[in-house]
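In what follows, a single structure is set out as structure tokens and then discussed.
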Amino acid sequence: MAFFQEPPRLGNQFDDDPMLVSWIARFCPDVADELRAVGELSVEYHARQLADRGNEPVLTQWDAWGQRIDRIEVSPLWREAQGLAARLGMVAAGYEPRLGAHARTHQFAIVHVLGPSLDVYTCPLAMTDGAARTLLASGNQPLIERYVPRLTSRDPAVMWTSGQWMTERTGGSDVSQSETIARRDGESWRLYGTKWFTSATTSEMALTLARPEGNPDGSRGLALFLVELRDGAGRLRNIQVNRLKDKLGTRKVPTAELTLDGTPATLVGAPGDGVRAITPMLAVTRTWNAVSAVSAMRRGLALAGDYARRRAAFGALLADKPLHADTLAALEAEYAAAFCLAFRAVWVLGRLERGAGGDPDREGDERLSRVLTPIAKLVTGKQAVAVTSEAIEACGGAGYVEDTGLPRILADAQVLPIWEGTTNVLSLDTLRALGKGGALEAIQAELDRCLTAVTDPGLTRPSEVARAALRHAVAWARTAMTEAERLEAGARRLAVTLGKSLELALLAEHAQWCLDHGFGGRAAAAARRFALSGVDHIADAIADDTRLLISRTGQR
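The numbering of the sequence shown is our numbering, which starts it at 360 and goes up by one.
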């Protein structure tokens, strides 16, 4: 009888994730049953996602009679995701008062469980969340009253999503080169220019940067504007969709190149304060990026682990083969460490938004957040690509075949080190945060807080590794601060070391909590394994070697 390999099956993505189960038990146990129900939905929508795999967005620019319509059709599953996200509170839960500073943990736990089953619908949700937080921070009361209730609604008939239009042909992260012009039109404004990369272009509104006429060049001349995309008849308001982007991954996300030709817009803040005004947005969207990274890792490992228990080779199940088991264990440890860093960033974000729950050290939280957010985003983004790559490799040839759905996990993960700032851009952001003073001390205090709680002898070695790596990073940073080229060249190694030191310390702290509260030794095993993975990346590359390696001829 012919052999057919049984495919991997997804289990409940709350119950099957010991890290998430223990984290929720520690911080907001009242939502465990809700998350278990979401975990069942994650299984249902994973199957529907696989069945809908080839149904990608389609742009129709003209109707049969030659009228420009620029209509983007998305899959039924994508349209359904908006209603599901609203009902479950994938944005709203972060703004609801019931759990106070834990509201963000609740929200992002929902995102973590369900997000990988929704064809990257987390993209418009992240931008929607960022838009709501940006408007609240702006103090523009008319805009807050009109839009925030929509952006944070649980009613699918009310909820809007928001786009985020920053990237132009002149550059992505360097928004100072923006060429979009804003011209006054009575009490309102109109925008003129091209946005090269606009994700989730089917949203009802967007926040975008533009330069009011007469403003100076550079970032100081930019302003933040709000755009409602369509009029009452559903027609785009002086917006042309030039094309949809043909991307490596996130292919269900309708990402477009747009021309704004007199698009009506509303000024959000001051006419030259746009870059500062988007700072709250970046804090939120980069946190979404970190959580999406760990949820991608979790999905890949869930399928690879189940496959290992179904696939027999060389006389035994893969799960019983020492080398395969060792490989999966190392990936699980990497995931556990990344999870702790991402959800610590979530916790700090929630504290800052809701107050520190009686803790007077808000300044310390702000210093920590300034450096923790870019570090969490950059470290988890790189880990997501590495772990999902290993996870699909663990499924052998099937991991490379598109109709298994496994390659999509890796392709979608690749956006995570790129969107909202590449690894190098985030490393430079980390340097800027360190340059403001107090950030290194905040990281040191965070690591000390974690490791002071660790008492189990089995966690001694991970604690020592975390302390040593951070000590080395701090010493290097302080000596390199006076040498601009050396500091910039080593910025990525510094940021990764700071991030992985924190990951290990946070994981050790959580492992101690698990041991103390009856959740077993799995997290402690993860800490011990992660400590072997290479936490300290500090080193000075020889500048002449760098020049030789990137030169065209390889000669001095």
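Yeah, the Cβ is synthetic: ideal placement off N, Cα and C, and Gly gets one too.
Inter-segment contact for the segment 752 to 771 and the segment 819 to 837 is absent: fewer than three beta-carbon pairs are separated by less than 8 Å. Annotation for residue 419: 430 place their beta carbon closer than 6 Å to its own, counting only its chain and skipping 5 residues before and after. Residue nearest to residue 744 within the set 504, 608, 873, 561 is 608 (criterion: CA-CA distance).
Rounded to whole angstroms, the separation of the alpha carbons of residue 678 and residue 780 is 38 Å. Counting other Cβ atoms within 10 Å of its Cβ, residue 682 stays below 16 and is therefore classed as exposed.
Assignment of residue 778 by DSSP, reduced to helix, strand and coil, places it in the coil class. Given a length threshold of 4 residues, each whole run of the alpha helix (DSSP H) inside the segment 742 to 802 is given here in chain order: 765 to 772, 782 to 794. With 16 or more other Cβ atoms from the protein chains shown falling within 10 Å of its own Cβ, residue 611 counts as buried. Here residue 897 is not near residue 838, since their CB atoms are 7 Å or more apart. The Cβ atoms of residue 422 and residue 398 lie no closer than 7 Å to each other. In this structure residue 434 is buried. Its beta-carbon is surrounded by 16 or more other beta-carbon atoms within 10 angstroms. Taking a C-beta distance under 7 Å as the contact criterion, residue 474 and residue 644 do not qualify as a contact pair. Counting C-beta pairs closer than 8 Å gives three or more between the segment 398 to 407 and the segment 364 to 379, which meets the contact rule. Taking C-beta separations shorter than 6 Å and ignoring five residues to either side along the sequence, the partners of residue 448 in its chain run 513, following chain order. Residue 494 sits away from residue 548, with the two beta carbons spaced by 7 Å or more. Assignment of residue 539 by DSSP, reduced to helix, strand and coil, places it in the coil class.
Every unbroken stretch of the beta strand (DSSP E) spanning 3 or more residues and falling wholly within the segment 521 to 597 is given here in chain order: 521 to 524, 540 to 544, 547 to 557, 564 to 571, 582 to 587. Apart from the 5 residues on each side of it in sequence, residue 646 sits with its Cβ closer than 7 Å to the Cβ of 704, 705, 708, 732 in its chain, given in chain order. For residue 554, the number of other beta carbons within 10 angstroms of its own is at least 16, and it is reported as buried. The DSSP assignment places no complete beta strand (DSSP E) segment of no fewer than 3 residues inside the segment 430 to 471.
When Cβ pairs closer than 8 Å are counted between the two stretches, the segment 523 to 543 is seen not to touch the segment 463 to 473, the count staying below three. A Cβ-Cβ distance of about 6 Å is found for the pair residue 863 and residue 889, placing them in contact under the 8 Å criterion. The beta carbon of residue 428 is closer than 6 Å to those of 422 in its chain, skipping five residues each way along the sequence. Apart from sequence neighbours up to five positions away, the residues of its chain that approach residue 568 with a beta-carbon distance below 8 Å are 524, 525, 534, 537, 539, 581, 582, 583, 584, 633, 634, 637, ordered along the chain. Remark: C-beta atoms of residue 651 and residue 614 do not approach each other more closely than 7 Å. Residue 428 sits in a strand when the DSSP states are folded into three classes. In the structure shown, the three-state DSSP call for residue 602 is strand.
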